[in-house]
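One structure is given below, encoded as structure tokens.
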Amino acid sequence: EAAVTQSPRNKVAVTGGKVTLSCNQTNNHNNMYWYRQDTGHGLRLIHYSYGAGSTEKGDIPDGYKASRPSQENFSLILELATPSQTSVYFCASGESDWGVEQYFGPGTRLTVL
Amino acid sequence: TQTVSQSDAHVTVFEGDSVELRCNYSYGGSIYLSWYIQHHGHGLQFLLKYYSGNPVVQGVNGFEAEFSKSDSSFHLRKASVHWSDSAVYFCAVRLPGTGSNRLTFGKGTKFSLIP
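Keeping their order, the protein sequence lines are chains S and E. So the first sequence is numbered by the numbering used here: it starts at 1 and just counts up by one. So the second sequence is numbered by the numbering used here: it starts at 1001 and just counts up by one.
What follows is the structure, encoded as structure tokens:
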């Protein structure tokens, strides 16, 4: 069974502060993804990665950076957090050859005050 | 650009009833389709997928989905639902050959049972 973990699980940040959300996967998948989930919007892709050292913009990248230092780890960085970034964030991993099936972490609930 | 729509925001039935959760997509060519389930407070879990072949695909826990090219649909069904099926269900699409394996998700259908 695929294993994707996220930390922290809950985070309260102040406006203008820096926030780093971390994701680790033990599946040896090449691809990793960051989504945010908001009521009425479903899941929206923020950034994704093909492998260590690569990051790509998703559908809503503004205000976010990503970092993939290794096969296992993929971070989402909010340099200057804003209240509009209050959301639940999900990390996922998937194989590169048949990427329909993605494995999701448990989510991080971020509140920006 | 592909889009995916789930027309029902909320579906409720009695335990033991059948259920169909609807998904329609807009794209003219071949497409990967899948369904995910999200229990409250958890991440999404893969249920099933379709790309080609038999238009009816089986998933876990008695779920199945049927692809219809003429209707641009990929509806999810279950013959007899159980309390543990209460969750939010997401339909997702992906275009083949894009290399990124990016998924576009619908907004989700919240499925619950009438007590």
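Note that the Cβ used here is the ideal one computed from N, Cα and C, for glycine as well.
Across the structure, E95 (chain S) and T82 (chain S) are spaced so that their CA atoms are roughly 33 Å apart.
Scanning E:H1042, E:I1037 and E:L1033 for the CA closest to the CA of P106 (chain S) turns up E:H1042. Counting the other CB atoms within 10 Å of its CB gives S93 (chain S) a total of 16 or more, which places it among the buried residues. The CB of P106 (chain S) comes closer than 7 Å to the CB of H1042 and G1043 in chain E, given here in chain order. Within the same chain, Cβ atoms closer than 7 Å to the Cβ of I46 (chain S) are found at W34, Y35, R36, G58, I60, P61, Y64 and L76, the five residues on either side in sequence being excluded. Distance between G1028 (chain E) and D1017 (chain E), taken at the CA atoms: about 34 Å. The residue among E:W1083, E:S1070, E:R1094 and E:F1074 with its C-alpha nearest the C-alpha of Q1058 (chain E) is E:F1074.
Distances from the alpha-carbon of V1060 (chain E) to those of E:E1020, E:L1095, E:W1035 and E:S1026 put E:W1035 closest.
By the C-beta density criterion, V1004 (chain E) is buried, having at least 16 other C-beta atoms within 10 angstroms.
Nearest C-alpha to Q102 (chain S) among E:A1079, E:Q1038, E:K1110 and E:S1072: E:Q1038. Looking at the DSSP output, D38 (chain S) sits in a beta bridge with S:G42. Under the three-state reduction of DSSP, S1052 (chain E) is assigned to coil, being neither helix nor strand. Annotated three-state conformation of Q85 (chain S) is helix, per DSSP. Secondary structure of N27 (chain S) (DSSP, three-state): coil. For C1091 (chain E), the enclosing beta strand (DSSP E) stretches over residues A1087 to R1094.
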